[in-house]
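Asker: Below: one structure in C-alpha cells.
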Amino acid sequence: MLSQAFPRLVSRAARVSPIGKARFSSQSSPSVPFLASKTAIGTSTLLAAGSLAWYNHLYGTSSLLPEASANSAAENGMHPTTWPFEHYGPFETFNHASIRRGYQVYREVCSACHSLDRIAWRNLVGVSHTVDEAKAMAEEVEYTDGPNDEGEMFQRPGKLADYMPAPYPNEEAARAGNGGGLPPDLSLIVKARHGNADYIYSLLTGYCDPPAGVKLAEGMNYNPYFPGGGIAMARVLFDGLVEYDDGTPATSSQMAKDVTVFLNWAAEPEHDQRKKMGLQALMILSTLTAISLYVKRFKWSYLKTRKIVYDPPKPARHGPL
Amino acid sequence: MRVLKSNSLLALVNSYISDSPQPVNLSYAWNFGSLLAICLGTQIVTGVLLAMHYTPSVDLAFISVEHIMRDVNYGWMIRYIHANVASFFFIFVYLHIARGLYYGSYKAPRIMPWSIGVIILVLMMAIAFLGYVLPYGQMSLWGATVITNMLSAIPWIGTDFTQFIWGGFSVNNATLNRFFSLHYLLPFVLAALAAMHMLTLHTHGSSNPEGISANPDKAPMHPYYIFKDLITIFLFFIALATLVMYAPNLLGHSDNYIPANPMQTPPSIVPEWYLLPFYAILRSIPNKLLGVVGMLGALLILLAMPLLDDGRGRGDVHRPASRVAFWVFVGIFFLLMFLGSQHAEEPYITVGAVATAAYFLWFVMLLPIIGMMENSSFDGTNAPASSQAV
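Chains as they are written, first to last, in the UniProt record's numbering: chain W, 1 to 321; chain G, 1 to 390.
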C-alpha cells in the first residue's frame, strides 16, 4: 500500500527520467499482485461493459438498467421489436423519401382523425417538399383570419406559416366523432410513447384477433402492443390504400414504416442536424481531451520525476563503544 | 508584485484557484469538485437562455417548450443540455459524496464543508424537482402532485400547508408560476452555498487519499490541478455530447411529452432516476408521515457522519473493515435505486423494507461498531509491551 502511494519514496531505484518518458507509479513496481494490477482492472471493466453491451444488443434491453416503470408487464403491453429503421445509426439521417411518403399517408389516412398541431407547412420545406409544393398544399386549406378593418373574421387560403389544420374543432368534437375515444395529437407521438418509433410501427402492423379468454369492450379492437390490449382505433392500413408518387408499392407494412418515419421527424425535426453536430462535437472534444492529457503529463513531469532522498545523520566517527 | 496578488479581488482568485496549495497525491477522485462547478455554471447559463423563451402558464408552458425545441435557434440543444446536465450534476454529486465517504473527508477539520455539502444535496434535489415540473407534461404535473402531497403528512397543519404551497386546491397555474420563480432563484442560493463550501474548505485545504497531513508535500493548483481537472472536464463534455446529440431522451420519461392533463392519471408515476433511492425509502415505510421523515432522514443522516464514524484513522485506504462497509453501502444505495424503479409488488416490497432498514442500520450500527473495533485493535497492537504482558 505504501509503495502505491509513495512509489518514489520506497523505490530507491527511482530514475530521474526525461520528460517524455515520465512513468507512472504502480507500473514500475513489480510487487503488485495480478488481481490489483491495472491490466486486471482494465480487463474486468472491459469484460463487464462488453457483456452488458452484448446483452443489450441481443435483447434490446439492459439487464442492470431496466426502464423505470411502476407498471406490471401486462399493463405495459407487448414490448415492441427493434425494427431496422434507417435513421437509427449514429451516422444516419432520416430517409427523406420515406418522410415524403409518410406525409402522404398521414394526409390521406391519419389526418381524418389525428391532428398535427406543432407542424407548420413551412416545416416541410427542404425536408420532404419544395417551397412551391408546400405553398400549393397550404393554399388548398382555408384558414380563419382577422378581424379585418370592419371587425369581421374572414377566410383566406393558407400560407407557409400556418399550422396543419386539425380534423376537429375541439376535444369534445373529437370524442363525439370517435365513440368516446380521443385520437391523440401526433406531433410528439414518437417521443411520447415507450418504445418510440418501434412502438408506432408495431402498433400499426400489430392488429390481430384477441386470444381466447380476452374480452374487449364494445367498439374496441385488439392490439397486443397497446397497453391493456384494447384500443379504440381500428386497423387502418391495408395494402394499396394510398398510391405513392414515386411508385413504391403501398403495402400496409410499407405505409406503416413511412408514416412512422414521418412522425419521428415531426417529433424530432432537429434529428439530422443533431447527429451531424454530435460528430463534430466528438471530433473537437476528443482532440481537446488528447491535448489536455498531453499537457497534464507535460506539466506534471516535474512532480512525477522527483527524486526524494532521505539523508540520515552521519554516524559518529568513533564507532560504538 | 504581480497584479494577481496585489489586486484585492484577483488576490482571492489567486488564493483559491491559482496558488492554492494542494496535496500532490490527490487521485482523480478529487476531480468532481471542478466538474460540479462546471455543471452549475452550465445549468445557470442554459437556464437563463431557456427562461428567455419559456412561458410559466398551464396553457402555454408545454407549447412554449415545444417552441424552444422547434423554432428557437439551437433551442433543442440548449434544452437537451439543460435536461442532461441535470443528470450529470447528480452523477457527479453522488460520486463526490462517495469520495467523501471513502476517504473520510467528513472528519474534522472539514466538518463544515461536509455539512454545507449535505445541505447543497438537499437543495439540489429540490431545484431539480422544481425544474422537472416546468415543461408541464404528464409526469411534471403528476410528479408535482405526488411530491407536494407529501407535505400533507405534516401533523396538524399538513393540508393547509399543502394548499398554501399549491396556491389553490391542487397543482395549478399559481403552483407552476411559483415553481418557475423558485427554480430561477434557488440555483443562486446554491451557488452561494457552493462558495461557502469552498470558503470553509479553504481553511485547511483538500484532504488526500492517504488520510494523513499533506503539509510536507504540496503543489500549487496552477498548473498542476488546473490541467488535471481540464482532462475530466473534456471527458465530461464527451459524455454529455454523446447523450445530448445521440440519445437526448434516454434518461427522461416518454410520458412527459404528453401535455399535462389533470383529468387523467398516467399509468405509472416514477421520479427521475436520481431520486429513486429515496423514493424507494419513502415507499418502504407504510406510514405516510414516517415515510416522509424516513426519506428526509436518509439524506440528513449524512450530517451525522463525523459523529457516527469514530474510527481514529481518516479514510478507508488503511482501514480494511471500513472499506468493506463502504462497498456494502454502495450496494444498498444501488439496490434502493433499482427498487424505486419497480412496481410496488412482491418481492420488491419486502426487499425494499429490508434495504431501507439496512440503509439506516449502516449508519447507526455498522459504522460505530466498526470504528470501535478498529480503535480497540489499534490499541491492542500498539500498546506498550509492558501493558500487554499484564
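Just so you know, even glycine gets a beta-carbon here, dropped at the ideal spot from N, CA and C. Please read these numbers as outputs of a predicted model, since none were measured by experiment.
1) Beta-carbon within less than 7 Å of Phe257(G)'s beta-carbon, same chain only, minus the 5 sequence neighbours each way: which residues are those?
2) Using the DSSP secondary-structure output, state which residues sit across from Glu142(W) in a beta bridge.
3) Can you pull out the residues from the region 231 to 257 of chain W whose beta carbon lies closer than 9 Å to at least one beta carbon of chain G?
4) Give, in chain order, every residue of the region 270 to 296 of chain W whose Cβ lies closer than 7 Å to some Cβ of chain G.
5) Since Lys288(G) is in the alpha helix (DSSP H), which residue starts that stretch and which ends it?
6) Name, please, each residue of chain W whose Cβ falls closer than 7 Å to the Cβ of Val24(G).
7) As an exercise, report each continuous alpha helix (DSSP H) stretch of at least 4 residues that is fully enclosed by the region 204 to 251 of chain G, in chain order.
8) Can you pull the chain G neighbours of Pro80(W), defined as C-beta to C-beta under 9 Å?
9) Looking only at DSSP bridge pairs, what is Tyr168(W) linked to?
10) Would Ala192(W) pass as an interface residue toward chain G - the criterion being a Cβ-Cβ separation below 8 Å?
11) Could you work out which residue in Gln163(G), His204(G), Asp229(G) and Phe278(G) is closest to Pro113(G) when comparing CA atoms only?
12) Which residue from Asp117(W), Ser128(W) and Phe226(W) puts its Cα closest to that of Met78(W)?
13) Specify, as a first and last residue, the run of the beta strand (DSSP E) that Arg23(G) falls within.
14) When you compare each of Phe234(G), Phe326(G), Lys218(G) and Leu275(G) to Leu303(W) by their alpha carbons, which one comes out closest?
15) Mind the definition here: the region 160 to 167 of chain G touches the region 294 to 308 of chain G only if three or more C-beta pairs lie below 8 Å; say whether that holds.
16) My understanding is that Ala241(G) touches Gly89(W), with C-beta atoms under 8 Å, so please give their C-beta distance in whole angstroms.
17) Please tell me whether Arg101(W) and Thr287(W) are closer than 8 Å, where the distance is taken between their beta carbons.
18) Quick one: what's Tyr222(W) bridged to in DSSP?
19) Does DSSP classify His129(W) as helix, strand or coil?
20) Nearest by alpha-carbon distance to Trp30(G): which of Ser18(G), Ile97(G) and His53(G) is it?
21) Output needed in chain order: residues of the region 56 to 72 of chain G with a Cβ under 7 Å from some Cβ in chain W.
22) Figure out for me which residue from Leu235(G), Phe326(G) and Arg312(G) has the closest Cα to the Cα of Met283(W).
23) According to DSSP, what are the bridge partners of Pro259(G)?
24) Just checking: is the beta-carbon of Arg118(W) within a distance shorter than 8 Å of some beta-carbon in chain G?
25) Measure from the C-beta of Trp300(W) to each C-beta in chain G and report whether the shortest distance is under 8 Å.
26) Alpha carbon to alpha carbon, how far is Ala267(W) from Gly100(G)? Give it in angstroms, no decimals.
27) According to DSSP, what are the bridge partners of Tyr163(W)?
28) CA-CA distance, Val390(G) and Ile370(G)?
29) Between Phe238(W) and the rest of its own chain, which residues show a CB-CB distance below 7 Å, the 5 nearest in sequence each way excluded?
30) Within 10 angstroms of the Cβ of Lys38(W), are there 16 or more other Cβ atoms? Answer buried if so, exposed if not.
31) Strictly below 8 Å CB to CB, what residues from chain W border Asn249(G)?
Answerer: Put simply:
1) As a position in the second sequence, residue 257(G) is number 257, starting the count at 1. A quick correction: the sequence has Tyr, not Phe, at residue 257(G). Cβ neighbours of Tyr257(G) within its own chain (closer than 7 Å, five residues either side excluded): Gly137.
2) For the purposes of this step, residue 142(W) is taken as residue 142 along the first sequence, with counting starting at 1. Paired residue(s): Pro157(W).
3) Residues passing the 9 Å Cβ filter: none.
4) For the region 270 to 296 of chain W, residues whose beta-carbon sits nearer than 7 Å to a beta-carbon of chain G comprise Glu270, Arg274, Lys275, Met277, Gly278, Ala281, Leu282, Leu285, Ser286, Leu288, Thr289, Ser292, Leu293, Val295 and Lys296.
5) Position 288 of the second sequence, counting from 1, holds the residue named residue 288(G). Annotation for Lys288(G): the continuous alpha helix (DSSP H) segment containing it runs Lys288 to Leu300.
6) The count along the second sequence starts at 1 and reaches residue 24(G) at position 24. At a C-beta separation below 7 Å, Val24(G) has these neighbours in chain W: Leu303.
7) You should have 226 to 246.
8) Working through the first sequence from its first residue, we reach residue 80(W) at position 80. Going along chain G, no residue has its Cβ under 9 Å from Pro80(W), so there is no contact; the nearest lies around 13 Å.
9) Here residue 168(W) refers to the residue found at position 168 when the first sequence is read from its first residue. None, per the DSSP bridge assignment.
10) The count along the first sequence starts at 1 and reaches residue 192(W) at position 192. With 8 Å as the cut-off, Ala192(W) counts as an interface residue toward chain G.
11) Numbered from its first residue, the second sequence carries residue 113(G) at position 113. Here the closest residue by C-alpha is His204(G).
12) Along the first sequence, one-based indexing puts residue 78(W) at 78. Restricting attention to Asp117(W), Ser128(W) and Phe226(W), the CA atom closest to the CA of Met78(W) is found in Phe226(W).
13) Numbered from 1 along the second sequence, position 23 holds the residue referred to as residue 23(G). It should be noted that the sequence gives Pro, not Arg, for residue 23(G). Pro21 to Pro23 is the extent of the beta strand (DSSP E) around Pro23(G).
14) Counting from one through the first sequence, the residue named residue 303(W) turns up at place 303. Of Phe234(G), Phe326(G), Lys218(G) and Leu275(G), the residue nearest in Cα terms is Lys218(G).
15) Not touching, per the Cβ criterion.
16) Counting from 1 along the second sequence, the entry for residue 241(G) is found at position 241. Counting from 1 along the first sequence, the entry for residue 89(W) is found at position 89. The pair is not a contact, with the Cβ atoms about 17 Å apart (cut-off 8 Å).
17) Indexing the first sequence from 1 puts residue 101(W) at position 101. Indexing the first sequence from 1 puts residue 287(W) at position 287. Thr287(W) sits away from Arg101(W), with the two beta carbons spaced by 8 Å or more.
18) Position 222 of the first sequence, counting from 1, holds the residue named residue 222(W). Answer is Gly230(W), bridged to Tyr222(W).
19) Counting from 1 along the first sequence, the entry for residue 129(W) is found at position 129. If DSSP states are grouped into helix, strand and coil, His129(W) belongs with the strands.
20) Within the second sequence, numbered from 1, the residue matching residue 30(G) stands at position 30. Nearest option by C-alpha distance: Ile97(G).
21) Cβ contacts with chain W: Glu66 and Arg70.
22) By one-based count along the first sequence, residue 283(W) stands at place 283. Nearest option by C-alpha distance: Leu235(G).
23) On the second sequence, position 259 is the one that residue 259(G) refers to. According to DSSP, Pro259(G) bridges with Gly137(G).
24) Counted from its first residue, the first sequence places residue 118(W) at position 118. With 8 Å as the cut-off, Arg118(W) counts as an interface residue toward chain G.
25) In the first sequence, residue 300(W) corresponds to position 300, counting from 1. Cβ-Cβ to chain G under 8 Å: yes for Trp300(W).
26) Position 100 of the second sequence holds residue 100(G). Position 267 of the first sequence holds residue 267(W). The alpha-carbon atoms of Gly100(G) and Ala267(W) are separated by roughly 42 Å.
27) Position 163 of the first sequence, counting from 1, holds the residue named residue 163(W). Answer is Ala120(W).
28) Looking up residue 390(G) in the second sequence gives position 390. Looking up residue 370(G) in the second sequence gives position 370. Confidence is the limiting factor: at Val390(G) the pLDDT is only 42, short of 50, which leaves the residue's position unreliable, though a coordinate-based value still follows. Whole-angstrom Cα-Cα distance: 26 Å.
29) One-based indexing of the first sequence puts residue 238(W) at position 238. Excluding sequence neighbours, Phe238(W) sits near Ser252.
30) Counting from 1 along the first sequence, the entry for residue 38(W) is found at position 38. Burial check for Lys38(W): the Cβ neighbour count within 10 Å stays below 16, so the residue is exposed.
31) As a first step, residue 249(G) is located in the second sequence; it is residue number 249 there, counting from the start. By Cβ distance, chain W contributes Lys191.
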